[in-house]
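*Asks:* Protein chains in written order, with the UniProt record's numbering: chain A, 1 to 306; chain B, 1 to 322. For every residue, glycine included, the Cβ atom is placed at its ideal position computed from N, Cα and C.
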Amino acid sequence: MDPLDRVVKPKTKRAKRFLEKREPKLKENTKIVMLIKGGNANLMVTEVLKDIYAVKKPFAVLYRKKNITRPFEDQTSLEFFSKKSDCSLFLFGSHNKKRPNNLVIGRMFDYHVLDMIELGVEKFVSLKDVKNSKCPEGTKPMLIFAGDMFDVNEEYRRLKSLLIDFFRGPTVPNIRLAGLEYVLHFTAVDGKIYMRSYKVLLKKSGCKIPRIELEEMGPSLDLVMRRTHLASDDLYKLSLKQPKALKPKKKKNISHDAFGTTYGRIHMQKQDLGKLQTRKMKGLKKRPAEKAAEDSGVSPKKSKSA
Amino acid sequence: VEEVLAAAEEQEAEKRRSVVVEKELELEFDLGNLLALDRNPPPAAQLRGVGPQREVQLLALARDNTQLLVAQLWELPAERAGGAGGPLVARLPEPTFRLPREKPPPRPKPPTRWEQFARLKGIRRRKRTSLVWDEQAKEWRRRWGYRRAGGDPARAWLAEVPAGADPEEDQFARLRREKRERVARNELNRLRNLARAHRAGSAVPAAALHPTGHQSKEELSHVARVARVSTASLGRFQPRLPKEPAEPPSRSGGRKRRFEPLLGNLAAERSRQLELLKDMGSKKPVLDITRAVNKQLRQDEAEAAAAKGKKQSQRGKRGRRQ
């Protein structure tokens with residue numbers, strides 16, 4: 001960010017709010033996706049972009065015009081778009097003979113490209129083709145990744161992180177249990193990645209937990225991984241760094257054990273055990289004569305009986 | 001026969017309603033993100049089949065995984081939002097899966113000149129009321145802005161001539177001029193604070209050595225040079241890469257300290273010795289006592305103010321906890 005931007009003083013409250021929304025914050029905004037068509041995008045790729053836009057509304061921006069760029073060669077135009085629209089995720093679709101039905105999915109850090117992965121679409125079933133009922137727009141999807149490839153292979157691991165970032169949606173503190181309707185399921189098998197979206201139907205079961213039935217809905221893609229442009233390890237670590245203020249403050253002197261019992265620790269001053277409040281036993285009560293005698297250090301020969 | 005059929009049917013119904021799912025490896029859950037990770041290798045043989053068979057298999061796998069995830073979500077502490085009749089809402093934990101940030105975390109801004117002074121003197125911010133009583137209008141009005149308490153400054157029809165001012169001077173023009181000057185001074189100070197912050201920010205060299213992904217060739221070569229020189233022998237024995245250009249020989253030749261040659265510039269040596277003798281002989285002290293004392297006093301004041309501020313905040317915290 002050049003110093004020229006910073007010296008510009010906003011003249012209206014609205015401009016000030018606009019700038020404040022874009023500056024780096026402790027707790028960040030939800031990431032917005034930009035969906036871009038390449039110079040030679042075909043029908044399938046445009047359909048994919050439109051469906052992903054429908055799924056990710058309102059945190060997505062669909063660019064209507066074709067942009068003749070090549071993300072893997074030159075990233076400046078992507079970075080320019082990202083800066084203008086304040087988007088940190090992008091999905092670029094193109095098609096040519098060498099790479100048919102190409103999708104480049106990527107994310108930015110500080111308006112510069114962090115990771116980019118090129119995926120080829122082999123089969124695509126769009127929202128319109130599946131005739132079942134859909135869930136409302138903007139539902140937070142449940143994400144499931146199946147397959148050991150997502151852990152073993154480094155590129156697949158980054159792809160998993162990228163897909164979670166992509167489809168995550170806003171981070172919410174509470175969620176309505178009956179509103180869990182959308183699930184995105186990714187399976188990595190045989191070098192291919194199958195992405196399926198299902199609508200969740202909660203059926204009665206004997207116990208508290210409902211029985212799940214799934215209904216195919218929404219876009220389903222068969223993807224194959226092509227080229228990748230991943231960030232170096234230290235740049236990735238730098239981007240993962242969270243400011244210290246976000247770490248939850250640990251409460252001192254409180255501990256939990258395995259059974260869920262909470263233990264607290266109280267620190268007290270030294271107690272004078274002579275002045276402890278105990279139960280009153282009248283027989284043991286010191287009589288005034290005895291007390292006086294004790295004070296003077298002489299025990300009485302006679303004691304006045306009460 | 002009917003009993004057997006009934007039993008079989010009941011078993012079928014039981015299976016259809018069951019929420020139990022068997023898996024080899026337990027799934028990993030991140031409930032803050034509504035995420036489930038299944039590490040079991042998928043049945044590749046079954047999924048290789050083309051067409052609807054594969055879809056059925058995928059659906060079954062997805063159903064099992066979703067069942068497990070929903071079971072976990074239903075375990076969370078839930079409450080009824082909006083009274084007894086409202087929907088059941090679960091409280092989600094913080095997301096644990098680490099995802100990269102959008103932008104780097106904000107760097108703390110250095111304090112402005114006023115903030116430094118206020119900290120030194122121990123001046124704290126006084127909270128002002130938003131409304132002020134206006135005697136003329138007999139109502140509560142804003143402190144500044146639309147319909148402010150002192151009346152609209154643009155429609156002030158009277159400007160008193162202050163004692164000792166030139167009677168011919170145009171007071172309205174003077175007021176306008178002074179306001180313009182005040183605004184200009186405020187703007188100047190704001191820009192100066194910004195420039196100071198910008199300078200302080202870019203004076204951090206450590207940040208320049210971290211990879212940012214968008215450093216230019218010059219910056220990268222600078223970083224490479226710094227890395228090469230950061231050895232115990234100052235880069236004298238570092239092997240070079242095949243195409244790396246040879247570094248021009250540095251003036252110190254890889255040594256930390258340099259000494260002048262014994263029989264070098266005789267004139268410079270003589271002048272240096274004479275300067276030294278003059279300083280030793282002069283009555284003026286080399287150390288300016290007053291300046292040193294003032295500097296020390298200011299430092300002490302700053303420390304005392306910081307300690308007082310910390311103690312006050314601690315005391316305040318203790319008082320509030322009760």
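(1) Quick one: does Arg291(B) have its CB under 8 angstroms from some CB of chain A?
(2) Would you kindly work out how many angstroms separate the C-alpha atoms of Thr187(A) and Gly147(A), rounded to a whole number?
(3) On the DSSP letters alone, give me the boundaries of the alpha helix (DSSP H) that Gly206(A) sits inside.
(4) Report all residues from its chain with a CB closer than 7 angstroms to the CB of Gly122(B); omit the five preceding and five following residues, and keep chain order.
(5) By the 9 angstroms beta-carbon criterion, what residues does the region 39 to 59 of chain B contribute toward chain A?
(6) Please compile the residues from chain A whose C-beta is within a distance smaller than 8 angstroms of the C-beta of Trp74(B).
(7) How long is the line joining the alpha carbons of Arg141(B) and Leu158(B), rounded to whole angstroms?
(8) Return the bridge partner residues of Asn102(A) from the DSSP annotation.
(9) Is there a Cβ of chain A sitting closer than 8 angstroms to that of Ala307(B), yes or no?
(10) Going along the chain, which residues of the region 11 to 41 of chain B sit with their C-beta nearer than 8 angstroms to a C-beta in chain A?
(11) Alpha carbon to alpha carbon, how far is Thr278(A) from Ala306(A)? Give it in angstroms, no decimals.
(12) If we call anything under 8 angstroms between Cβ atoms a contact, is Ile209(A) one with Trp74(B)?
(13) Among the candidates Glu137(A), Phe259(A), Asp233(A) and Arg226(A), whose CA atom is the shortest distance from the CA of Gly191(A)?
(14) Examine chain B for any beta-carbon lying closer than 8 angstroms to the beta-carbon of Met268(A), and answer yes or no.
(15) From Gly164(B) to Asp170(B), what distance separates their C-alpha atoms?
(16) Out of Lys131(A), Ile36(A), Ser77(A) and Asp115(A), which has the shortest C-alpha to C-alpha gap to Asp234(A)?
(17) Let's see if you can read the secondary structure: which residues bound the beta strand (DSSP E) around Gly264(A)?
(18) Determine whether the beta carbon atoms of Leu131(B) and Leu31(B) lie at a separation below 8 angstroms.
(19) Pull up the CB-CB distance for Glu47(A) and Phe124(A), whole angstroms please, since I reckon it's below 8 angstroms.
(20) Excluding the five sequence neighbours on either side, which residues of its own chain have a C-beta within less than 8 angstroms of the C-beta of Leu223(A), listed in chain order?
(21) Give every residue of the same chain whose Cβ lies closer than 6 angstroms to the Cβ of Leu37(B), excluding the five residues on either side of it in the sequence, and list them in chain order.
(22) Using a Cβ-Cβ cut-off of less than 9 angstroms, give me the residues of the region 106 to 127 of chain A that come near chain B, in sequence order.
(23) Any C-beta of chain B sitting closer than 8 angstroms to the C-beta of Ser133(A)?
(24) By Cβ distance below 7 angstroms, which residues in the same chain neighbour Tyr156(A) in space, the five residues on each side in sequence not counted?
(25) Taking any Cβ of chain A, which residues in the UniProt region "Disordered" (85 to 113) of chain B have a Cβ under 7 angstroms from it, in chain order?
(26) When you compare the CB of Lys56(A) with every CB in chain B, is at least one pair closer than 8 angstroms?
(27) Spell out the partners DSSP gives Pro113(B) in its beta bridges.
(28) Are Leu184(A) and Leu143(A) touching if we call contact CB-CB under 8 angstroms?
(29) In whole angstroms, what separates the C-alpha of Leu159(A) from that of Val56(B)?
(30) Taking Cβ-Cβ distances shorter than 8 angstroms, what residues in chain A pair up with Pro211(B)?
(31) Under 8 angstroms by Cβ, that's how I've got Glu301(B) and Leu120(B) pegged, so tell me the actual separation to the nearest angstrom.
(32) Hey, how far is the Cα of Gly138(A) from the Cα of Pro58(A)?
(33) Would you please state the rounded distance, in angstroms, between the beta carbons of Pro110(B) and Ala184(B)? I believe it to be under 8 angstroms.
(34) Using 8 angstroms as the threshold, is the region 32 to 48 of chain A in touch with the region 73 to 92 of chain A, meaning 3 or more CB pairs across them?
(35) Taking only beta-carbon positions, decide if Asn186(B) is within less than 8 angstroms of chain A.
(36) Output yes or no for whether 8 angstroms exceeds the beta carbon distance between Ile175(A) and Ala90(B).
*Replies:* With the given structure in hand:
(1) no
(2) So the two alpha carbons sit approximately 6 angstroms from each other.
(3) Where Gly206(A) is concerned, there is no enclosing alpha helix (DSSP H), given that its DSSP letter is neither H nor E.
(4) Ala305, Lys308 and Gly309
(5) Arg39, Asn40, Pro41, Pro42, Pro43, Ala44, Leu47, Arg48, Arg54, Glu55, Leu58 and Leu59
(6) Within 8 angstroms of the CB of Trp74(B), the CB atoms of chain A belong to Leu177, Lys208, Ile209 and Pro210, in sequence order along the chain.
(7) Computed Cα separation, rounded: 21 angstroms.
(8) Ser94(A) and Gly120(A)
(9) Under the Cβ distance rule, Ala307(B) does not count among the residues neighbouring chain A, no pair being separated by less than 8 angstroms.
(10) Arg16, Arg17, Ser18, Val19, Gly32, Asn33, Leu34, Leu35, Ala36, Leu37, Asp38, Arg39, Asn40 and Pro41
(11) Low confidence applies here, because Ala306(A) scores a pLDDT of 44, under 50, leaving its location unreliable; read the following figure in that light. Straight-line Cα distance between these residues: approximately 23 angstroms.
(12) yes
(13) When only C-alpha atoms are compared, the closest one is Arg226(A).
(14) no
(15) 14 angstroms
(16) It is Asp115(A).
(17) Thr262 to Gly264
(18) The answer is no: Cβ separation not under 8 angstroms.
(19) 7 angstroms
(20) The answer, listed in chain order, is Leu103, Leu119, Gly120, Val121, Glu122, Lys192, Ile193, Tyr194 and Met195.
(21) Glu28
(22) Arg107, Met108, Phe109, Asp110, Tyr111, His112, Val113, Leu114 and Asp115
(23) no
(24) Met149, Phe150 and Ala188
(25) Pro87, Leu88, Val89, Ala90, Arg91, Leu92, Pro95, Phe97, Arg98, Leu99, Pro100, Arg101, Glu102, Lys103, Pro104, Pro105 and Pro106
(26) no
(27) The identity of residue 113(B) in the sequence shown is Arg, whereas the question assumes Pro. Looking at the DSSP assignment, Arg113(B) forms no beta bridge with any residue, so it has no partner.
(28) yes
(29) Each residue's CA atom was taken as its position, placing Leu159(A) and Val56(B) some 25 angstroms apart.
(30) Within 8 angstroms Cβ-Cβ: Ser232, Asp234, Leu235 and Leu238.
(31) 6 angstroms
(32) 7 angstroms
(33) That belief does not hold up - the Cβ atoms of Pro110(B) and Ala184(B) are roughly 24 angstroms apart, past 8 angstroms.
(34) yes
(35) no
(36) yes
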